[in-house]
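For reference, each letter of the sequence shown is one residue, going 91 to 416 in the numbering used here. Before any comments, here is the structure.
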Amino acid sequence: MKDTFDLLMKTDFPAIRRAGLETLQVNLGYLCNQQCLHCHVDASPRRTEIMTAETIADVVNFIKRQNIKTLDLTGGAPEMNPAFFSLVKQARDLGVHVIDRCNLTILLEEGYQQTAAFLAENLVEVVASMPCYLQENVDAQRGKGVFDQSIDGLRLLNRHGYGINEKLKLNLVFNPQGIDLPPSQNQLEPMYKKELSERYGISFNQLYTITNMPIKRFGSTLISKGQFDKYMQTLKSSYTKENLSGVMCRTMLSVDWLGYVYDCDFNQMLDLNVGAKARSASSSNSGKTHLNDLLNDDLQGEEIAIMDHCYGCTAGNGSSCGGALN
91 MKDTFDLLMK
101 TDFPAIRRAG
111 LETLQVNLGY
121 LCNQQCLHCH
131 VDASPRRTEI
141 MTAETIADVV
151 NFIKRQNIKT
161 LDLTGGAPEM
171 NPAFFSLVKQ
181 ARDLGVHVID
191 RCNLTILLEE
201 GYQQTAAFLA
211 ENLVEVVASM
221 PCYLQENVDA
231 QRGKGVFDQS
241 IDGLRLLNRH
251 GYGINEKLKL
261 NLVFNPQGID
271 LPPSQNQLEP
281 MYKKELSERY
291 GISFNQLYTI
301 TNMPIKRFGS
311 TLISKGQFDK
321 YMQTLKSSYT
331 KENLSGVMCR
341 TMLSVDWLGY
351 VYDCDFNQML
361 DLNVGAKARS
371 ASSSNSGKTH
381 LNDLLNDDLQ
391 GEEIAIMDHC
401 YGCTAGNGSS
411 CGGALN
């Protein structure tokens, strides 16, 4: 796989600083039952990186010490971590809002059939990848048969009240194919709701449109097809200054499967350490900053580490883990 790090390092992206820390996004491991073309984590069934119970204990301790309001669980397929259910329960017992970034098909896999019921019982918000309401587009991006399994997964969540009961939020994620920016979230969401309801009887709350980042598997594909420079030009020419105030890294901290921290999930995949204050923390491993290094730190006002991929979050309507910024 071709690395885009050196191509992204030199940047003129404007400096940004942190606001108050609200969300801890935790990658529970890169193991996944799927292998999607757009995946910036390069997750697959072959990956073996899984967060240990000891590191999960560090996560819970950090949540308590920093009074975290939202725990955002991602992967891979986060549900494939054996401690997933325990972590969710502990966070909910602390009154923390929990988000599960679910690929839908995992809900149907052997050994995971009770996951949907568990999520509903614990009022976990589900953010589910659904790059299109058309079978051919989804299967092209995520693999043959994934669309039908995803529809079955959505129906299962609906049966448990997701997208219907106001306490059980079900939000879908759209990623574009190729080198285009996402269309307007406000315009695409009604189309999704109409098509999924009329074709399959499926209900959901919101649609999030997220720009593909020029890193890992997608970045490597861009290079292989000779499209990297064109895609970067698209991102830069679509830069919207107003999106800077809403980028997710201002209120979120990203944690990898070993417990090391980054300004966002994309920086994590680039192994780009957190900004100025965290870099000066007493680190235990070759300059990397661990959750335990920041237990007593207030990061508000500190610099955020940036490179050229940051244009992906500010291009057009903007892009964050919660969808478009405007």
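Using N, Cα and C, we set each Cβ at its ideal position, and we do this for glycine too.
Check: Buried or exposed: which applies to Gly243, given that a residue is buried once 16 or more other Cβ atoms fall within 10 Å of its Cβ?
Finding: buried
Notebook entry, point to check: For the segment 265-344, which segments carrying the alpha helix (DSSP H) assignment without a break, of at least 4 residues, lie completely within its bounds, in sequence order?
Noted result: 275-290, 306-314 and 318-327
Notebook entry, point to check: Are the CB atoms of Gln267 and Thr195 nearer to each other than 8 Å?
Noted result: no
Notebook entry, point to check: Is the beta carbon of Val337 sitting closer than 8 Å to the one on Leu343?
Noted result: no
Next item on the list: Drop a sphere of 10 angstroms on the beta-carbon of Glu169, count the other beta-carbons inside from all chains shown, and report buried for 16 or more, exposed for fewer.
Entry: buried
Note to self: Rounded to whole angstroms, what is the Cα-Cα separation between Glu139 and Ala105?
What the structure shows: 32 Å
Margin query: Just to confirm the assignment: which complete alpha helix (DSSP H) runs, minimum length 4, are found wholly within the segment 234-268?
Written below: 236-249
Note to self: At the level of alpha carbons, what is the spacing between Leu177 and Asn357?
What the structure shows: 24 Å
Checklist line | Residues that Ala405 bridges to, as DSSP identifies them | finding: Tyr329
Next item on the list: Tell me His187's beta-bridge partners as DSSP assigns them.
Entry: Thr160
Check: DSSP beta-bridge partners for Ser134?
Finding: Leu121
Margin query: Can you list, in chain order, the residues of its chain with a C-beta nearer than 7 Å to that of Ser372? Leave out the 5 residues immediately preceding and following it.
Written below: Any reading at Ser372 must be qualified, since the residue scores a pLDDT of 46, below 50, and its modelled position is unreliable; the value itself is stated next. Excluding sequence neighbours, Ser372 sits near Asp383.
Notebook entry, point to check: How should Ser287 be labelled, buried or exposed, when 16 other C-beta atoms within 10 angstroms of its C-beta is the threshold for buried?
Noted result: exposed
Notebook entry, point to check: How is Gln225 classed by DSSP in three states: helix, strand or coil?
Noted result: helix
Item checked: Met281 classed as buried or exposed, judged by whether at least 16 other C-beta atoms fall within 10 angstroms -> exposed
Note to self: For Ile269, tell me which candidate among Ala210, Glu285, Phe308 and Asp387 has the shortest Cα-Cα distance.
What the structure shows: Phe308
Next item on the list: Pull up the distance between the alpha-carbon of Thr379 and that of Cys403, whole angstroms please.
Entry: 24 Å
Note to self: Would you call the segment 222-237 in contact with the segment 245-259, where contact means no fewer than 3 C-beta pairs closer than 8 Å?
What the structure shows: no
Next item on the list: Would you give the residue range spanned by the beta strand (DSSP E) that Glu215 belongs to?
Entry: Glu215 to Ser219
Item checked: DSSP-derived helix/strand/coil call for Gln37 -> The shown model of the chain, from 91 to 416, leaves out residue 37, and the question about it has no answer.
Next item on the list: Within 10 angstroms of the Cβ of Glu256, are there 16 or more other Cβ atoms? Answer buried if so, exposed if not.
Entry: exposed
Check: When the Cα atoms are used, what is the spatial distance from Lys306 to Asp93?
Finding: 7 Å
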